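Here is the structure we will look at.
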Amino acid sequence: MGKTKVVVIGGGPGGYVAAIRAAQLGGQVVLVEKEHIGGTCLNVGCIPTKALLHTAEVYEEAKNGSECGVITNVKLDFSKAQSRKNVITKQLVDGVKSLLAANKVKVISGLASFSDKDTIHVKTKDGKVEELRADRFIIATGSVPVMPQVPGIDAKQCIDSTGALELQEIPKRMVIIGGGVIGVEFATLYGTLGCKVTIIEMQKEILPMMDGELTKILRSKLAQKNVNVYTESKVISIKDEGTEAKVTVELSDGTKKVFGCEKALISVGRKTNTEALALDKAGILNDRGRITVNEQMETNVKGIYAIGDCTGKSMLAHVASAHGEVAAENALGHKSKFDIKTNPSCVYTNPEFASVGLTEELAKEQNIDYIVGKFPLFANGKSLIMDGGTGMIKLIVGKEFKEILGAHIIGPRATDLIAECALAIGLEATVDEVIATIHAHPTVGEAIREAALAEEQRAIHIPNKKAVLS
Ligand code: FAD
Numbered sequence: 030m031g032k033t034k035v036v037v038i039g040g041g042p043g044g045y046v047a048a049i050r051a052a053q054l055g056g057q058v059v060l061v062e063k064e065h066i067g068g069t070c071l072n073v074g075c076i077p078t079k080a081l082l083h084t085a086e087v088y089e090e091a092k093n094g095s096e097c098g099v100i101t102n103v104k105l106d107f108s109k110a111q112s113r114k115n116v117i118t119k120q121l122v123d124g125v126k127s128l129l130a131a132n133k134v135k136v137i138s139g140l141a142s143f144s145d146k147d148t149i150h151v152k153t154k155d156g157k158v159e160e161l162r163a164d165r166f167i168i169a170t171g172s173v174p175v176m177p178q179v180p181g182i183d184a185k186q187c188i189d190s191t192g193a194l195e196l197q198e199i200p201k202r203m204v205i206i207g208g209g210v211i212g213v214e215f216a217t218l219y220g221t222l223g224c225k226v227t228i229i230e231m232q233k234e235i236l237p238m239m240d241g242e243l244t245k246i247l248r249s250k251l252a253q254k255n256v257n258v259y260t261e262s263k264v265i266s267i268k269d270e271g272t273e274a275k276v277t278v279e280l281s282d283g284t285k286k287v288f289g290c291e292k293a294l295i296s297v298g299r300k301t302n303t304e305a306l307a308l309d310k311a312g313i314l315n316d317r318g319r320i321t322v323n324e325q326m327e328t329n330v331k332g333i334y335a336i337g338d339c340t341g342k343s344m345l346a347h348v349a350s351a352h353g354e355v356a357a358e359n360a361l362g363h364k365s366k367f368d369i370k371t372n373p374s375c376v377y378t379n380p381e382f383a384s385v386g387l388t389e390e391l392a393k394e395q396n397i398d399y400i401v402g403k404f405p406l407f408a409n410g411k412s413l414i415m416d417g418g419t420g421m422i423k424l425i426v427g428k429e430f431k432e433i434l435g436a437h438i439i440g441p442r443a444t445d446l447i448a449e450c451a452l453a454i455g456l457e458a459t460v461d462e463v464i465a466t467i468h469a470h471p472t473v474g475e476a477i478r479e480a481a482l483a484e485e486q487r488a489i490h491i492p493n494k495k496a497v498l499s
């Protein structure tokens, strides 16, 4: 029998990981990408945002250096920050290209769409059309920003996240429409670099999927960084007035307020990028473009898989990659399932904010009997050294079996620390097991163990009455 022919459509963190995994398992793999290998994540998403956020972090640290005895005359060279971001992005994209080549994945540049369930055609930039047949298809076409139907949304001052990554100067004022992860990260970036930022969010709170108590801590930090937040507020129009736009907002109390800004970032969410695929020609079930899959990442059509943002599930790069490995393994005859249980959500603010498992809000909603263990980071030596001790660790623990159900961290390096908690949830670890694990000193990670101790009313570095509040 010959090798299984696998065609992967889309070269983002879902598609390229699926292609490599399928090749590792002996597949003959072709990857079709219409634009840039690395997809949203490497080119206009995770990596470029974090590269610029790193600049903001260094800038802030340098400005506040005198507290640590470092006196500098700090100046921002944003064009240098932009070039550094571009160099990092290119290095990673080139790295992925080499990995694909090393795994003998053939890459075709062009736009793919289905002719039927066994065939796609690929239109290349020079107008040629190539037909490809395969035993298995893995669709990984990602997502694109949603543009809400607001009068004036096409004003020249309105930008999406890709536009916000390309600015060559720091605007004086920016209105950010949408207080989700992307909006809040750009608010951190431009607010730290001196822009007066206003976030307009329709829901009760920014970052609604995160723990509300910890979000309040973030709100107070954002306020110190030139970021004003209006929740339960709605943009009703945008007007181009030459050098600035006027954004009219209906506030939570029903009054209207006009915000002037040089840039209005539209970050109200993303939608699946499946229109060009002609899914109906292959009979692939979808809900308004969100491809329906089972836990093997297979669609209703046998042998056709869909992964990452185009499924409309948790739109995160690490989810896309995890989907990709599962789909490739199933496509090559193995048995693999995707489980969302250990999926962390990270927000790269300053301090960082990360979460895995149940929030307290969800535990209440689901009538789960839980206990909270909390540890404030002002009582953690390393946090105090690094950023003055802002933040908190909060564990949600099952009352009967003491298993970790959720973990929420706001503080330095939260996005790295959350991995320990994800592992604990994956292993169904109890607080006792976290307590029995020796954590290095001085680290921020020690505070995770202290939060577990707090749940047991035996935190060492904080009076226990204060540590356990629920
Ligand atoms: P994508 O990365 O979108 O890749 C899809 C690829 O398919 C694209 O390259 C596209 O050109 C190609 N394609 C589409 N249609 C076709 C077609 N018909 N034929 C051929 N090719 C096609 N996630 C995180 O986990 N952490 C973060 O910090 C983070 N930060 C983000 C910041 C921003 C500003 C944005 C916008 C997103 C961020 N994300 C982050 C989300 C993350 O980028 C996405 O979840 C991830 O890229 C999804 O991967 P994917 O492979 O499903 O799709």
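In my numbering, the protein residues as written are 30 to 499. In this text, a Cβ means the ideal position worked out from N, Cα and C, and glycines have one as well. Since we're looking at a predicted model, the values are computed, not measured.
Residue environment: residue 200 is assigned as buried (16 or more neighbouring CB atoms within 10 Å of its CB, all protein chains considered). By the 16-neighbour rule on beta-carbons within 10 angstroms, residue 67 is buried. DSSP places residue 300 inside the beta strand (DSSP E), whose first and last residues are 299 to 301. Residue 424 has 402 and 436 as its beta-bridge partners, per DSSP. The alpha helix (DSSP H) runs of length 4 or more contained entirely in the region 451 to 487 are, from start to end of the chain, 460 to 465 and 475 to 484. Per DSSP, residue 130 has no beta bridge partner at all. When DSSP states are grouped into helix, strand and coil, residue 114 belongs to the helix group.
Taking the Cβ of residue 226 as the reference point, every heavy atom of ligand 1 lies at 7 Å or farther away. Non-local C-beta neighbours of residue 82 in its own chain, meaning closer than 7 Å and more than five positions away in sequence, comprise 214, 217, 218 and 377, ordered along the chain. Apart from the 5 residues on each side of it in sequence, residue 58 sits with its Cβ closer than 6 Å to the Cβ of 35, 48, 51, 52 and 134 in its chain, given in chain order. Separation of residue 373 and residue 121 (C-alpha to C-alpha, rounded to the nearest whole angstrom) is 23 Å.
In the assembly as shown, residue 467 is an exposed residue. Its beta-carbon has fewer than 16 other beta-carbons within 10 Å. Cβ atoms of residue 410 and residue 471 come within 8 Å of each other, at about 4 Å.
The beta carbon of residue 469 is closer than 8 Å to those of 475 in its chain, skipping five residues each way along the sequence. According to DSSP, residue 386 shares a beta bridge with 435. The residues 179, 180, 181 and 277, in chain order, have a CB closer than 7 Å to that of residue 266 in the same chain once the five nearest residues on each side in sequence are set aside. Contact check between the region 145 to 165 and the region 309 to 327: three or more CB pairs, one atom from each, fall below 8 Å, which counts as touching. Nearest Cα to residue 290 within the set 207, 272, 332 and 129: 272. The shortest CA-to-CA distance from residue 367 to any of 325, 399 and 408 is the one to 325. Runs of beta strand (DSSP E) with 3 or more residues, each lying fully within the region 54 to 96, are found at 57 to 62, listed in chain order. Here the alpha carbons of residue 334 and residue 315 stand approximately 12 Å from one another.
Nearest in C-alpha terms to residue 294, of all of 94, 193 and 336, is 193. By DSSP's assignment, residue 289 forms a beta bridge with 275.
Around residue 341, the same chain offers 301 and 319 as residues with beta carbons nearer than 6 Å, after the five sequence neighbours per side are excluded.
Beta-bridge analysis with DSSP links residue 374 to 384. In the structure shown, residue 179 adopts coil according to DSSP, grouped into three states. Under a 10 Å Cβ-count criterion, residue 431 is classified as buried, with 16 or more other Cβ atoms of the shown protein chains found around its own Cβ. When distances are taken from the beta-carbon of residue 300 to the heavy atoms of ligand 1, even the shortest one reaches 7 Å or more.
Cα atoms of residue 138 and residue 428: separation of roughly 54 Å, rounded to the nearest angstrom.
For residue 304, there is no enclosing alpha helix (DSSP H), as DSSP marks it with neither H nor E. Around the beta carbon of residue 75, 16 or more other beta carbons lie within 10 angstroms, which makes this residue buried. Within the same chain, 76 and 80 come within 7 Å of residue 117 by CB-CB distance, once the 5 residues on both sides are set aside.
For residue 162, the closest C-alpha among the options 177, 141, 275 and 64 is that of 141. Residues of the same chain with a CB within less than 8 Å of the CB of residue 32, apart from the 5 flanking positions on each side, are 55, 56 and 57 in chain order. Closest in alpha carbon position to residue 210, among 406, 196, 109 and 343, is 343.
Judged by DSSP in its simplified three-state form, residue 282 adopts coil rather than helix or strand.
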